[in-house]
């Protein structure tokens, strides 16, 4: 039935029909929703890149001019004023994988008095954390969280896309139903026209009465009205989908079997959802984010104990070049320890993160319950609708047989034309109900696939 109708429709509109796959592919290619989703993913990658800012080299330049009155300083009694010019240049970089940082410094000083008036200092200082921020656990926090956010955003975008596709595929099935509805009404109108012609011929031959003609004319007019309504529904829906997919109106027709039966996989539904449900994976990632933050909060509660290493070279002379040639080196090693008393902030952060984790665990249990309930109901709904389809097929067989019987009785002069019309109308109603149930069935299948994350 479906194939015959598609051929009729395509020959009428001179177009290539859309399959389910073609519909979704066209939707993805043209609708701005998907482009917006793609841009959302790019934003997350940019945010991840921004977390590497603490790895940049930091260049600093400091200049100073100092004028001193040294007339009362015994060691400088040979002059009253001392002018000092200094320029300091430094470059520092943090290594987030170790939590350490290194700084290179060069300082030049020039005095207007004294024998060794010019001084050049070079130094390299290295700091390595032994407790707080050990192995860069706090420096890497923003980057680790951003990476989790990228994965979480990808799953959230898939969830949003699946919901969007589900909604639009519902309109696609509505289109297939509208096409079937028009076909059924076209057949009913053609049949009414044939019956009207036959009744008129019988009336002319004085075989039937005028009331039979009037009844058949009324049936014909009702069939016309029903067909016009079906055509209106179909045309408006085609315009809607044409705009949605950026297609010409003539290109919009659904090529799908409205009555096909879905064969679901035999799976332990609850266990499958627990391991595969996208919403639960998103919840797991939210827990991962909190657990990662908790690790840093616990580390931040530790004392700050740093190993400090340094090597320097300094030289003084009468001018810049000679002070560079005569350098004396030195090195240093030491530990730096600091600890905030009370630890109110870190304790609060730890307690808050633990409470949020407990809340997420309960939220995940609720999500599983809701998802499982929805999927279970939809699976049972599919089974029941399939049974209704089988019953509708049996009803159609009975309705066709009744129509044939009423026609024979009327043709033999043992029946009334109203009985024939009623039988034909009943047959049409059953066919429309069959198409309606098929539409509901296909939409339930899409909803079930979406519930178990198998629609896209």
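Numbering (our numbering), first residue to last: 64 to 519. We put the CB at the ideal spot given by N, CA and C, even for glycine.
Inset, instruction - Locate the alpha helix (DSSP H) running through residue 108, then write down its first and last residues. - result: Its alpha helix (DSSP H) spans residues 95 to 113.
Inset, instruction - Compute the Euclidean distance between the alpha carbons of residue 502 and residue 416, then round it to the nearest angstrom. - result: C-alpha separation (whole angstroms): 48 Å.
Inset, instruction - Using a threshold of 8 Å, state whether the C-beta atoms of residue 509 and residue 233 are closer than that. - result: Less than 8 Å separates the beta-carbon of residue 509 from that of residue 233.
Legend entry - DSSP beta-bridge partners of residue 394: Residue 394 pairs with 374.
Inset, instruction - Report the three-state DSSP secondary structure of residue 472 (helix, strand or coil). - result: In the structure shown, residue 472 sits in a helix (DSSP, three-state: H, G or I).
Legend entry - Environment of residue 113 [buried if 16+ CB atoms lie within 10 Å]: When all chains shown are included, residue 113 counts as exposed.
Inset, instruction - Mind listing, in chain order, the continuous beta strand (DSSP E) runs of no fewer than 3 residues lying wholly within the segment 478 to 517? - result: For the segment 478 to 517, not a single whole beta strand (DSSP E) run of length 3 or above is found.
Inset, instruction - Identify whether residue 325 lies in helix, strand or coil by the three-state DSSP scheme. - result: Residue state, collapsed to three classes: coil.
Legend entry - Cα-Cα separation between residue 396 and residue 375, rounded to whole angstroms: Approximately 12 Å, taken between the alpha carbons.
Legend entry - Nearest neighbour of residue 160, chosen from 320, 330 and 201 [CA to CA]: Minimum Cα distance to residue 160 is reached at 201.
Inset, instruction - Using a threshold of 8 Å, state whether the C-beta atoms of residue 460 and residue 487 are closer than that. - result: In this structure, residue 460 lies away from residue 487, with their beta-carbon atoms at least 8 Å apart.
Legend entry - Status (buried if at least 16 other CB within 10 Å, exposed otherwise) for residue 328: When all chains shown are included, residue 328 counts as exposed.
Inset, instruction - Determine the closest residue to residue 323 out of 500, 123, 80 and 107, with distance taken between C-alpha atoms. - result: Comparing Cα positions, the closest option is 500.
Inset, instruction - Could you spell out the range, first to last residue, of the alpha helix (DSSP H) harbouring residue 233? - result: From DSSP, the alpha helix (DSSP H) with residue 233 extends over 204 to 267.
Inset, instruction - Report yes if the CB atom of residue 413 is closer than 8 Å to the CB atom of residue 364, and no otherwise. - result: Yes, the Cβ-Cβ distance between residue 413 and residue 364 is below 8 Å.
Inset, instruction - Give the single residue among 389, 343 and 230 whose Cα lies nearest to the Cα of residue 96. - result: The alpha carbon of residue 96 has as its nearest neighbour, out of 389, 343 and 230, the alpha carbon of 230.
Legend entry - Where residue 130 falls, given that 16 or more other Cβ within 10 Å makes a residue buried: By the C-beta density criterion, residue 130 is exposed, having fewer than 16 other C-beta atoms within 10 angstroms.
Inset, instruction - Give a yes or no on contact between the segment 262 to 273 and the segment 202 to 214, applying the rule of three or more CB pairs nearer than 8 Å. - result: No: fewer than three Cβ pairs fall under 8 Å.
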